[in-house]
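Trainee:
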Amino acid sequence: DAKTTQPPSMDCAEGRAANLPCNHSTISGNEYVYWYRQIHSQGPQYIIHGLKNNETNEMASLIITEDRKSSTLILPHATLRDTAVYYCIVRVIGNQFYFGTGTSLTVIP
Amino acid sequence: NAGVTQTPKFRILKIGQSMTLQCTQDMNHNYMYWYRQDPGMGLKLIYYSVGAGITDKGEVPNGYNVSRSTTEDFPLRLELAAPSQTSVYFCASSFGEPQHFGDGTRLSIL
């Protein structure tokens, strides 16, 4: 079973920041949070991951709350190409990922 | 680099037929995975492998078999195709993280 909860859909205006929330209240101390996205039913694309600290890369920022029960993926300047389904995943032992149903993000011109 | 290559891209099978979905990676990754994705749903892990000669069941292994004789290849076998196995199948590989995915095989069982 997926260990994360995400809103099913969100809209964001082009050029604005997209903030995608994820709840993972049962996460264990050594489990990482990963974010992937899937565009047009292609293979999922890695975005970012983290354990405790906030992380940033060229694609996005990941903000993890201090109690680690939730996190937010931030796309700083959303473009039309960012329209996709975004998956928040908790990695369990053995490198197994459990995908939920994700958040369908629509970037509006 | 080709990354993760899956063949075929599309296939239609009749109930009871068998087939093998091919997956190969050229990144020398030790971990490989098979997922299925039903319409409107997230991916579910079928089988995974931590290295050549080692495989293990994921969340939904029933009706499938795998083998890992080389680092590069991780084929998925359907022995008796059933309509419930109509899905999109994704193969992935990793060396630690992140997982790199192929473009998928769209399989219909009629």
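For the protein sequence lines, the chains are A and B, in the order given. The numbering used here applies: residue 222 is where the first sequence begins, and numbers increase by one. The numbering used here applies: residue 494 is where the second sequence begins, and numbers increase by one. Heads up, the beta-carbon is just placed ideally off N, CA and C, and yes, glycines get one too. Remember, it's a predicted structure, so these values are computed and weren't measured experimentally.
1) Which residues mark the beginning and the end of the beta strand (DSSP E) in which Tyr582(B) is found?
2) Helix, strand or coil for Pro229(A)? Go by DSSP, reduced to three states.
3) Would you tell me roughly how many angstroms separate the C-alpha atoms of Thr226(A) and Pro242(A), rounded to the nearest one?
4) Between which two residues does the beta strand (DSSP E) containing Met534(B) stretch?
5) How would you list, in chain order, the residues of chain B whose beta-carbon sits under 9 angstroms from the beta-carbon of Ser262(A)?
6) Look at the alpha carbon of Arg302(A) and the alpha carbon of Leu326(A), and state the distance between them as a whole number of angstroms.
7) Which of the three DSSP states, helix, strand or coil, is assigned to Arg237(A)?
8) If we ignore side chains and look at the alpha-carbon of each, how far apart do Ser562(B) and Thr517(B) end up?
9) Cβ atoms of Tyr257(A) and Gln266(A): under 8 angstroms apart, would you say?
10) Within 10 angstroms of its Cβ, does His261(A) collect 16 or more other Cβ (buried), or is it exposed?
11) Do you know offhand how far Glu279(A)'s Cα is from Leu296(A)'s?
12) Chain B partners of Pro242(A), CB-CB under 9 angstroms?
Mentor: On the basis of the supplied data:
1) As a working note, residue 582(B) is residue 89 in the second sequence. First-last of the beta strand (DSSP E) with Tyr582(B): Ser580 to Ser587.
2) Taking the first sequence and counting its residues from 1, one reaches residue 229(A) at position 8. The answer is coil: DSSP assigns Pro229(A) none of H, G, I, E or B.
3) Position 5 of the first sequence holds residue 226(A). Position 21 of the first sequence holds residue 242(A). Those two C-alpha atoms are separated by around 9 angstroms.
4) On the second sequence, residue 534(B) is found 41 positions in, with the first residue counted as 1. Neither: Met534(B) is in no beta strand (DSSP E) and is coded neither H nor E.
5) Working through the first sequence from its first residue, we reach residue 262(A) at position 41. Residues of chain B passing the Cβ test: Gln530, Val581, Gly597 and Arg599.
6) Mapped onto the first sequence, residue 302(A) falls at position 81. Mapped onto the first sequence, residue 326(A) falls at position 105. Arg302(A) and Leu326(A) have their C-alpha atoms roughly 11 angstroms apart.
7) Counting from one through the first sequence, the residue named residue 237(A) turns up at place 16. Here Arg237(A) sits in coil by DSSP.
8) Position 69 of the second sequence holds residue 562(B). Position 24 of the second sequence holds residue 517(B). If you draw a straight line from the Cα of Ser562(B) to the Cα of Thr517(B), it comes to about 12 angstroms.
9) Position 45 of the first sequence, counted from the first residue, corresponds to residue 266(A). Position 36 of the first sequence, counted from the first residue, corresponds to residue 257(A). Yes.
10) Against the first sequence, residue 261(A) aligns to sequence position 40. His261(A) is exposed by the Cβ-count criterion.
11) For the purposes of this step, residue 279(A) is identified with residue 58 of the first sequence, where counting begins at 1. For the purposes of this step, residue 296(A) is identified with residue 75 of the first sequence, where counting begins at 1. Going from the Cα of Glu279(A) to the Cα of Leu296(A) covers about 10 angstroms.
12) For the purposes of this step, residue 242(A) is taken as residue 21 along the first sequence, with counting starting at 1. Contact annotation for Pro242(A) against chain B: no contact, minimum CB-CB distance about 17 angstroms [criterion: below 9 angstroms].
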